[in-house]
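*Asks:*
In the UniProt record's numbering, the protein residues as written are 1 to 161.
Rendered as structure tokens:
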């Protein structure tokens, strides 16, 4: 199995194909804006985590497509910004869209792209960066499921009892 196929399988597992863990679409299923915005202790809200995933996936997708990215951010904390409740469906749609765009971009990429560096200041091949993006997404999906379980709004029919 080649790198592209492995990456695409990881992306599908993260987005909408249940595998060893719950994909993001199931992790967010039946979640209200109020539940998404709930914060307990020092943890980020689910909504903030979704915004964080949107930020980093859009940023790296833009770079992967050869487009310049916006200026540097002051800290990773700003990527967890929260929105008002009326935009929850928009946030989910935006996340699903960028994950779908990733699949198309990886499918359509020239073979040599995966060996090229993803960063200007160091050699970090795209296949490695994409694998880490997938791991990053999976980590936060697990975090979302755990938050929902702790908040009492996880439906076991979605997986992970």
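Just so you know, even glycine gets a beta-carbon here, dropped at the ideal spot from N, CA and C.
#1: Taking only runs of the alpha helix (DSSP H) that begin and end inside the UniProt domain "DinB-like" (25 to 144), which ones reach a length of at least 4 residues, in chain order?
#2: Give me the Cβ distance between residue 50 and residue 13, rounded to the nearest whole Å; I'm assuming they're in contact under 8 Å.
#3: Considering only C-alpha positions, which residue in the set 42, 74, 132, 55 is nearest to residue 98?
#4: DSSP three-state label for residue 17, please.
#5: Roughly how many whole angstroms lie between the Cα atoms of residue 45 and residue 151?
#6: DSSP three-state call for residue 23: helix, strand or coil?
#7: Just the Cα atoms here: how many angstroms apart are residue 111 and residue 65?
#8: Is residue 7 near residue 131, with beta carbons less than 8 Å apart?
#9: Can you tell me the Cβ-Cβ gap for residue 3 and residue 80, rounded? I've got them flagged as a contact below 8 Å.
#10: State yes or no: is the C-beta of residue 102 within less than 8 Å of the C-beta of residue 158?
#11: With DSSP as the reference, label residue 1 as helix, strand or coil.
#12: Between the beta-carbon of residue 27 and the beta-carbon of residue 88, is there less than 8 Å?
*Replies:* The short version:
#1: Here the runs fully enclosed are 33 to 37, 46 to 64, 88 to 108.
#2: The sequence position of residue 50 within the chain shown is 50, counting from 1. The sequence position of residue 13 within the chain shown is 13, counting from 1. That belief does not hold up - the Cβ atoms of residue 50 and residue 13 are roughly 18 Å apart, past 8 Å.
#3: Position 98 of the chain shown, counted from the start, is the residue given in the question as residue 98. Across the set 42, 74, 132, 55, the C-alpha of 55 shows the shortest separation from the C-alpha of residue 98.
#4: Position 17 of the chain shown, counted from the start, is the residue given in the question as residue 17. It is coil, neither helix nor strand.
#5: Your numbering for residue 45 matches position 45 in the chain shown. Your numbering for residue 151 matches position 151 in the chain shown. For residue 45 and residue 151, the distance between alpha carbons rounds to 11 Å.
#6: Position 23 of the chain shown, counting from 1, holds the residue named residue 23. It is coil, neither helix nor strand.
#7: As a first step, residue 111 must be located in the chain shown, where it is residue number 111. As a first step, residue 65 must be located in the chain shown, where it is residue number 65. If I take the Cα positions, the gap works out to 14 Å.
#8: Position 7 of the chain shown, counted from the first residue, corresponds to residue 7. Position 131 of the chain shown, counted from the first residue, corresponds to residue 131. Yes, the pair counts as a contact, with Cβ atoms nearer than the cut-off.
#9: As a first step, residue 3 must be located in the chain shown, where it is residue number 3. As a first step, residue 80 must be located in the chain shown, where it is residue number 80. Residue 80 and residue 3 do not touch by the CB rule: their CB atoms are close to 30 Å apart, not below 8 Å.
#10: Along the chain shown, read from residue 1 onward, the residue named residue 102 stands at position 102. Along the chain shown, read from residue 1 onward, the residue named residue 158 stands at position 158. Not in contact: residue 102 and residue 158 (Cβ atoms no closer than 8 Å).
#11: Against the chain shown, residue 1 aligns to sequence position 1. In the displayed model, residue 1 falls within coil according to three-state DSSP, outside both helix and strand.
#12: Taking the chain shown and counting its residues from 1, the one referred to as residue 27 is at position 27. Taking the chain shown and counting its residues from 1, the one referred to as residue 88 is at position 88. Contact flag unset, no.
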